[in-house]
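Colleague:
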């Protein structure tokens, strides 16, 4: 039976983080239970985009440092492997590693940085939607993968953690194709599950020292939780993390679909939690995007709602006073419904699939997620009975 460890880590002081990560792993059997001498170990951190560690948009470099040090202590050879948003190129990787503080700690800890942009097609017999897919070759070549997510909210999927982080196994701009093909929440959730099952990380360490609430996953607000979570089961860890920030797991498509497929438990009470007491650490006022209550409606019946779908569905709102005209929102839009006119974005909301890639990747935080006033009043009224 797998277990989830939860340990205190009040800040990102190097020695404090190293001690906490070691304890988190020790509580589930120790790093040497998983890493054997000579293993090539891929560390897959959440490095969504080039953001400073203080933004809480990415895994803090000190967490990556600590995991790399412990892998080396166990005799493994750690390598950081990631495909951020945008083109999958050595130049992009170099910029993201540097901007996220990873280059510095990799040098200090003796961790290799991956610049190999090779990709490979793999079979996925456990896949429901994806029986074949293209992934980063360095992940496939690794003997073992450690998944390093950041606890954050997510505009499209409400929450991002262990399962969602492995979307970074898909090379660069190919991610947009998945958003376009699987734009219903249920379909995309099953796609994320398929990707996770295809690369099979053997260990997860989540950075929840400072999480992100509100308009995650890149432009939300840092929220200090002072915790690290570890497990060898990403579904169990995500269920525990969702409980920690007081989100009903049934609202999180990845967990809801995971339950249906038999990979995720339907109650946190079925998980063995060690270390900190989970229920005493629940954060009841953790802020989520306006998206949260959307999951109470079954949008597989979208056509039946007609205009009501547009009324009740949150949409991306552009703050043109913050916009610098970089065009990243337009380039990252899977259905290509954002056009740049006079260096300002114009979006066709009738064709928008609500993937919120634009909001996720905007470097200036110029896009947020808005719910129409009528929908907000109706849904807020329902909260008193649904919560």
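In our numbering, the protein residues as written are 2 to 388.
We treat Cβ as the ideally placed atom computed from N, Cα and C, and that holds for glycine.
Output the distance between the C-alpha atoms of residue 58 and residue 190, rounded to the nearest integer angstrom.
Modeller: Locating residue 58 in the chain shown gives position 57, counting from the first residue. Locating residue 190 in the chain shown gives position 189, counting from the first residue. About 21 Å.
Colleague: Within 10 Å of its beta-carbon, does residue 273 have 16 or more other beta-carbons around it, so buried, or fewer, so exposed?
Modeller: Numbered from its first residue, the chain shown carries residue 273 at position 272. Exposed, because fewer than 16 other Cβ atoms sit within 10 Å of the Cβ of residue 273.
Colleague: Between the beta-carbon of residue 237 and the beta-carbon of residue 4, is there less than 9 Å?
Modeller: The count along the chain shown starts at 1 and reaches residue 237 at position 236. The count along the chain shown starts at 1 and reaches residue 4 at position 3. Contact flag set, yes.
Colleague: Would you mind reading off the limits of the beta strand (DSSP E) that contains residue 1?
Modeller: With the chain running from 2 to 388 in the structure shown, residue 1 is simply not present.
Colleague: Quick check on residue 56: does DSSP put it in helix, strand or coil?
Modeller: Taking the first residue of the chain shown as 1, we reach residue 56 at position 55. Looking at residue 56 - three-state DSSP - the assignment turns out to be helix.
Colleague: Pull the bridge partners of residue 316 from the DSSP assignment, please.
Modeller: The residue given as residue 316 occupies position 315 in the chain shown. Residue 316 is bridged to 371.
Colleague: Is the beta carbon of residue 211 closer than 9 Å to that of residue 131?
Modeller: Translated into positions along the chain shown, residue 131 becomes position 130. Translated into positions along the chain shown, residue 211 becomes position 210. Not a contact, by the Cβ cut-off of 9 Å.
Colleague: Please classify residue 235: is it buried, with 16 or more other beta-carbons within 10 angstroms of its beta-carbon, or exposed?
Modeller: To locate residue 235, count along the chain shown from 1; it is residue 234. Residue 235 is buried by the Cβ-count criterion.
Colleague: Which residue from 10, 362, 52 and 217 puts its Cα closest to that of residue 290?
Modeller: Here residue 290 refers to the residue found at position 289 when the chain shown is read from its first residue. Nearest option by C-alpha distance: 217.
Colleague: Where do the N-terminal and C-terminal ends of the alpha helix (DSSP H) with residue 26 fall, by residue?
Modeller: Taking the first residue of the chain shown as position 1, residue 26 is located at position 25. Residue 26 -> alpha helix (DSSP H) spans 15-27.
Colleague: Note down the Cα distance separating residue 39 from residue 111, rounded to an integer number of angstroms.
Modeller: Stepping through the chain shown from its first residue, residue 39 is reached at position 38. Stepping through the chain shown from its first residue, residue 111 is reached at position 110. Using only the alpha carbons, I get a separation of about 15 Å.
Colleague: Give me the Cβ distance between residue 120 and residue 172, rounded to the nearest whole Å; I'm assuming they're in contact under 8 Å.
Modeller: Mapped onto the chain shown, residue 120 falls at position 119. Mapped onto the chain shown, residue 172 falls at position 171. About 5 Å separates the two Cβ atoms, so the contact holds.
Colleague: Name, in chain order, the residues that DSSP records as bridge partners for residue 209.
Modeller: Along the chain shown, read from residue 1 onward, the residue named residue 209 stands at position 208. 228, per the DSSP bridge assignment.
Colleague: What span of residues does the alpha helix (DSSP H) with residue 346 cover, start to end?
Modeller: In the chain shown, counting from the first residue as 1, residue 346 sits at position 345. Looking at the DSSP string, residue 346 is not in any alpha helix (DSSP H); the run it does join, the beta strand (DSSP E), is 345-348.
Colleague: Excluding the 5 residues preceding and the 5 following residue 75 in the sequence, name in chain order all residues of the same chain whose CB lies nearer than 6 Å to its CB.
Modeller: Counting from 1 along the chain shown, the entry for residue 75 is found at position 74. Correct list, in chain order: 32, 33 and 36.
Colleague: Whole angstroms is fine: what's the gap from residue 198's alpha carbon to residue 116's?
Modeller: To locate residue 198, count along the chain shown from 1; it is residue 197. To locate residue 116, count along the chain shown from 1; it is residue 115. Whole-angstrom Cα-Cα distance: 24 Å.
Colleague: Which residue from 136, 2 and 222 puts its Cα closest to that of residue 56?
Modeller: Indexing the chain shown from 1 puts residue 56 at position 55. Answer by Cα proximity: 222.
Colleague: Answer with buried or exposed for residue 340, where buried requires no fewer than 16 other C-beta atoms within 10 angstroms of its C-beta.
Modeller: One-based indexing of the chain shown puts residue 340 at position 339. Label assigned to residue 340: exposed.
Colleague: Could you pull out every residue in the same chain whose Cβ sits closer than 7 Å to the Cβ of residue 88, ignoring the five residues on either side in sequence?
Modeller: Position 87 of the chain shown, counted from the first residue, corresponds to residue 88. Around residue 88: 173 and 174.
Colleague: When DSSP labels each residue in this structure, what does residue 354 get in the three-state scheme?
Modeller: Counted from its first residue, the chain shown places residue 354 at position 353. If DSSP states are grouped into helix, strand and coil, residue 354 belongs with coil.
Colleague: Just the Cα atoms here: how many angstroms apart are residue 153 and residue 213?
Modeller: If you number the chain shown from 1, residue 153 lands on position 152. If you number the chain shown from 1, residue 213 lands on position 212. Rounded to the nearest angstrom, the two C-alpha atoms are 5 Å apart.
Colleague: Beta-carbon separation of residue 148 and residue 202 under 9 Å?
Modeller: Indexing the chain shown from 1 puts residue 148 at position 147. Indexing the chain shown from 1 puts residue 202 at position 201. In this structure, residue 202 lies closer than 9 Å to residue 148 by Cβ.
Colleague: To the nearest angstrom, how far is the alpha carbon of residue 140 from that of residue 269?
Modeller: Sequence index remark: in the chain shown, residue 140 carries index 139 (1-based). Sequence index remark: in the chain shown, residue 269 carries index 268 (1-based). Rounded to the nearest angstrom, the two C-alpha atoms are 30 Å apart.
Colleague: Would the segment 60-75 count as touching the segment 15-33 if we require 3 or more Cβ pairs under 8 Å?
Modeller: Yes, they touch.
Colleague: What number of angstroms, rounded off, separates the C-alpha of residue 317 from the C-alpha of residue 344?
Modeller: The residue labelled residue 317 in the question sits at position 316 within the chain shown. The residue labelled residue 344 in the question sits at position 343 within the chain shown. C-alpha separation (whole angstroms): 18 Å.
Colleague: Roughly how many angstroms lie between the CA atoms of residue 18 and residue 6, to the nearest whole one?
Modeller: For the purposes of this step, residue 18 is taken as the residue at position 17 of the chain shown. For the purposes of this step, residue 6 is taken as the residue at position 5 of the chain shown. If I take the Cα positions, the gap works out to 15 Å.
Colleague: Please name the residue in 262, 362, 367 and 321 whose C-alpha comes closest to that of residue 97.
Modeller: Sequence index remark: in the chain shown, residue 97 carries index 96 (1-based). Among 262, 362, 367 and 321, the Cα nearest to that of residue 97 is on 362.
Colleague: Can you check whether the CB of residue 146 is closer than 9 Å to the CB of residue 68?
Modeller: Residue numbering aside, residue 68 sits at position 67 when the chain shown is read from its first letter. Residue numbering aside, residue 146 sits at position 145 when the chain shown is read from its first letter. No; because the gap between Cβ atoms is not below 9 Å, this pair is not in contact.
Colleague: DSSP state of residue 258, grouped into three classes?
Modeller: Taking the chain shown and counting its residues from 1, one reaches residue 258 at position 257. Three-state DSSP puts residue 258 in a helix.
Colleague: I need the straight-line Cα distance from residue 168 to residue 359, nearest angstrom please.
Modeller: Looking up residue 168 in the chain shown gives position 167. Looking up residue 359 in the chain shown gives position 358. C-alpha separation (whole angstroms): 17 Å.
Colleague: Of all the beta strand (DSSP E) runs that stay within the bounds of the segment 142-182, which reach a length of 3 or more residues?
Modeller: Taking only runs of at least 3 residues, the beta strand (DSSP E) segments lying wholly in the segment 142-182 are 145-149, 151-155 and 159-161.
Colleague: Rounded to whole angstroms, what is the Cα-Cα separation between residue 220 and residue 155?
Modeller: On the chain shown, position 219 is the one that residue 220 refers to. On the chain shown, position 154 is the one that residue 155 refers to. When rounded, the distance between both Cα atoms is 10 Å.
Colleague: Sort 251, 85, 109 and 78 by Cα distance to residue 48 and report the nearest one.
Modeller: For the purposes of this step, residue 48 is taken as the residue at position 47 of the chain shown. The residue with the shortest Cα to Cα distance from residue 48 is 85.
Colleague: Have a look at residue 90 and residue 51 and give me their C-alpha separation to the nearest angstrom.
Modeller: Taking the first residue of the chain shown as 1, we reach residue 90 at position 89. Taking the first residue of the chain shown as 1, we reach residue 51 at position 50. Each residue's Cα considered, the two are about 14 Å apart.
Colleague: Taking the C-alpha atoms as reference points, what is the distance between residue 185 and residue 260?
Modeller: As a position in the chain shown, residue 185 is number 184, starting the count at 1. As a position in the chain shown, residue 260 is number 259, starting the count at 1. The straight-line gap from Cα to Cα measures roughly 18 Å.
Colleague: What would DSSP say about residue 4, mapped onto helix, strand or coil?
Modeller: Here residue 4 refers to the residue found at position 3 of the chain shown. DSSP places residue 4 in strand when its eight states are reduced to three.
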